[in-house]
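What follows is a single structure, written as structure tokens, with notes after it.
Numbering (full-length UniProt numbering), first residue to last: 1 to 713.
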């Protein structure tokens, strides 16, 4: 047997079932080694679709509907492995060029159509503040690495206000494309080893498959424990799911000959497993990890036992015309439903579950049109049977999708050119010593002279320490710091806490230059500096307490700072319960702050508590961009904002510990209704963080407050 790469035209063989949504006349749903249609597999695709789409619309009849994607992965592993093995048996080789060409012409044109349509819908109906991010998402989706972009974003604390992307669902398509690229190469390597060693091919295949699948499953269990957000999009933790389908494909000839009673038992058990996972699982679980074995093994059992079970198997339910119809449309339905849902949510500022389900039903129309006008004509084109022509079509479709994303990015860049007048950006400097009675701090409908930073650029108006890598990531307990000013200065001030502490660093940078101070920072995403467990996403924030202990050692050891200024957003600490059902206490947090500050005091370090800034309950910058002619639409309630912050707890602890408490809220929100723009400066860059520009205008006020607290200048 010769294993070569055939660079000629595709042979006249039935096209393989590469992706959810292809019709029987394209070979979709056929058993890997036979010519018949596997109606149960087509119906299983429909089941997966019925799990995913209503779940995305907000209908929680199956709160674990996300498992449908994992079912798709198993099916892909089965059909692709089977097709490749069939080609090896028939021709003694695999045309890699032909394989990739078939994938390209089947998947990429429809994908590009939806990406272009999504870019157009975004331009028409989504606030332009989101164009840059969505444009980048469309670009990475067209090139099928959006899963890695989303993985990075999931652990990027600065991306906290980024809403779901209208092409976020392309992450699973990206994972599949990466599988399609690598799997034939791995399969060929295993087959070559079998040919060289004389060992039976299936034995080598199964051994090689186990060598890939088992580490992937173990890695998945590890990653969901240490990086649950990032691991969801990680291809490496999903390989074992494809491997389940591949395992069935390798053994399918034997499995098809099992006794009917056994096939019936396996196939029906598999269907129950898939449906149970959809019904019993929820988003409270970390995913994929070992729990994903239930739906994926279930899908494998349906495929493994379906042929032997015959009419007595799940095909009884899965093989009817309705299920087959949705099985054929799966790919196009999956492509279309999500952008329609997300664009509607963005445009109408949220939609109800019935409206969401209506959109899902409506998505059948563009899906059907795409299927009949794009997928089928291109798939069945005689001209595109030539691999090079098919690859050319795929490449051009990719370029079209990428161009759509780049156009959105360019339009955003054009829109975000600031029109602010130089010198007008005075911010808090326009306020008097009694800002509550100062007209300059009251909300107004419009401002003249422009706004700095431009609202479209506000999320990037952040402290330098982020670019310098000086904020500890969520998964890390290792203290990292930045240092500003003269290290030999007489006064060293440490700014310590979460991102609310980090936002004040620009003001301390200015004061370090003014007073010849040495300023060091110790900040960690979402982690207050306090010796008590805190929570994140309903679970104990494990690395936060460890980071606090590590930072405490630095602050109380040799060469400790003279002053620690600390800020934190959290108002409650963990006092009991288990992950997902924690018992939290504000009193415990208050006492823990007192204890933490007392430990510093005993080490000879002066402690100053700086009040957390009020919550706004909105993306102020986005609102300002949308309502530049009526900024009063972007105000928020001062008392409610303070109550939702960590300031009340901090103030109570400061009184108890006799620690100076600095509260500059009057210069951030002078009146009962908070203005989004003061002194031509945009106050907030996110829902709870102040822009770097405005913080810098607060430096003189902070300076005076520090002096009153006993910090010498």
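Glycine included, C-beta positions come from ideal geometry on N, C-alpha and C.
Can you tell me the Cβ-Cβ gap for residue i and residue j, rounded? I've got them flagged as a contact below 8 Å.
i           : j           : result
residue 215 : residue 286 : Not a contact, Cβ separation roughly 19 Å.
residue 715 : residue 209 : This structure does not reach residue 715, given that the chain is present from 1 up to 713, and the question cannot be answered.
residue 594 : residue 585 : Their Cβ separation, rounded to whole angstroms, is 14 Å, which puts residue 594 and residue 585 out of contact at 8 Å.
residue 497 : residue 517 : Contact flag wrong, Cβ pair sits at about 18 Å.
residue 570 : residue 528 : 5 Å
residue 312 : residue 294 : With a Cβ gap of about 24 Å, residue 312 and residue 294 do not count as contacting.
residue 628 : residue 543 : 41 Å between Cβ atoms; not a contact.
residue 131 : residue 411 : 6 Å
residue 499 : residue 689 : 6 Å
residue 65  : residue 319 : Between residue 319 and residue 65 the Cβ distance is about 22 Å, and since that is not below 8 Å, they are no contact.
Do the CB positions of residue i and residue j come within less than 7 Å of each other?
i           : j           : result
residue 567 : residue 610 : yes
residue 427 : residue 673 : no
residue 178 : residue 235 : yes
residue 274 : residue 57  : no
residue 112 : residue 400 : yes
residue 502 : residue 523 : yes
residue 534 : residue 481 : no
residue 620 : residue 425 : no
residue 352 : residue 63  : no
residue 491 : residue 562 : yes
residue 306 : residue 40  : yes
residue 455 : residue 695 : no
residue 166 : residue 220 : no
residue 701 : residue 667 : yes
residue 525 : residue 474 : yes
residue 164 : residue 622 : no
residue 240 : residue 213 : yes
residue 258 : residue 308 : yes
residue 453 : residue 693 : yes
residue 266 : residue 304 : yes
residue 237 : residue 88  : no
residue 553 : residue 573 : no
residue 129 : residue 581 : no
In chain order, what residues of the same chain lie with their CB nearer than 7 Å to the CB of residue i, ignoring the 5 residues before and after it?
i           : result
residue 709 : 608, 660, 662
residue 69  : 52, 172
residue 601 : 607
residue 468 : 482
residue 636 : 616, 617, 618, 674
residue 510 : 696, 699
residue 8   : Any answer about residue 8 is weak, because its pLDDT of 31 lies below 50 and its placement is not dependable; what the coordinates show is given next. Same-chain partners within the cutoff: there are none.
Going by DSSP, name the residue or residues bridged to residue i.
i           : result
residue 684 : 690
residue 609 : 566, 661
residue 542 : Its beta-bridge partners do not exist; DSSP assigns none.
residue 674 : 636
residue 618 : According to DSSP, which records beta bridges pairwise, residue 618 is partnered with nothing at all.
residue 494 : 520, 564
residue 472 : 524
residue 305 : Residue 305 pairs with nothing; no bridge assigned.
residue 452 : 681
residue 584 : 574
residue 484 : 519
residue 536 : 539
Go through its chain and collect everything with a Cβ distance to residue i's Cβ below 8 Å, but skip five positions before and after it.
i           : result
residue 590 : 649, 652, 653, 656
residue 185 : 96
residue 4   : A caution first: residue 4 carries a pLDDT of 34, below 50, which makes its placement in the model too unreliable to give a value.
residue 149 : 136, 137, 140
residue 447 : 631, 677, 680
residue 665 : 611, 613, 614, 638, 642, 647
residue 705 : 662, 664
residue 260 : 308, 309, 310, 312
Can you list, in chain order, the residues of its chain with a C-beta nearer than 6 Å to that of residue i? Leave out the 5 residues immediately preceding and following it.
i           : result
residue 430 : 440, 679
residue 530 : 592, 593, 596
residue 119 : 138, 404, 408
Inter-stretch contact (C-beta, 8 Å, three-pair minimum) for the region 267-283 and the region 292-303: Yes: the two stretches touch, three or more of their Cβ pairs being nearer than 8 Å.
Cβ contact (3+ pairs, closer than 8 Å) linking the region 139-146 and the region 359-370: Fewer than three pairs of CB atoms, one per stretch, sit closer than 8 Å, so the region 139-146 makes no contact with the region 359-370.
At least 3 beta-carbon pairs within less than 8 Å: the region 316-333 vs the region 41-50: Output reads yes: the region 41-50 touches the region 316-333.
Stretch pair the region 457-464 + the region 635-645: three plus CB contacts closer than 8 Å: With a cut-off of 8 Å, the region 635-645 and the region 457-464 do not count as touching, because too few Cβ pairs lie within range.
At least 3 beta-carbon pairs within less than 8 Å: the region 232-251 vs the region 73-81: Counting Cβ pairs under 8 Å, three or more are found: they touch.
Given 8 Å, three or more beta-carbon pairs between the region 395-414 and the region 147-155: Contact fails: fewer than three Cβ-Cβ distances are below 8 Å.
Three CB pairs or more closer than 8 Å across the region 341-358 and the region 86-100: Touching, no.
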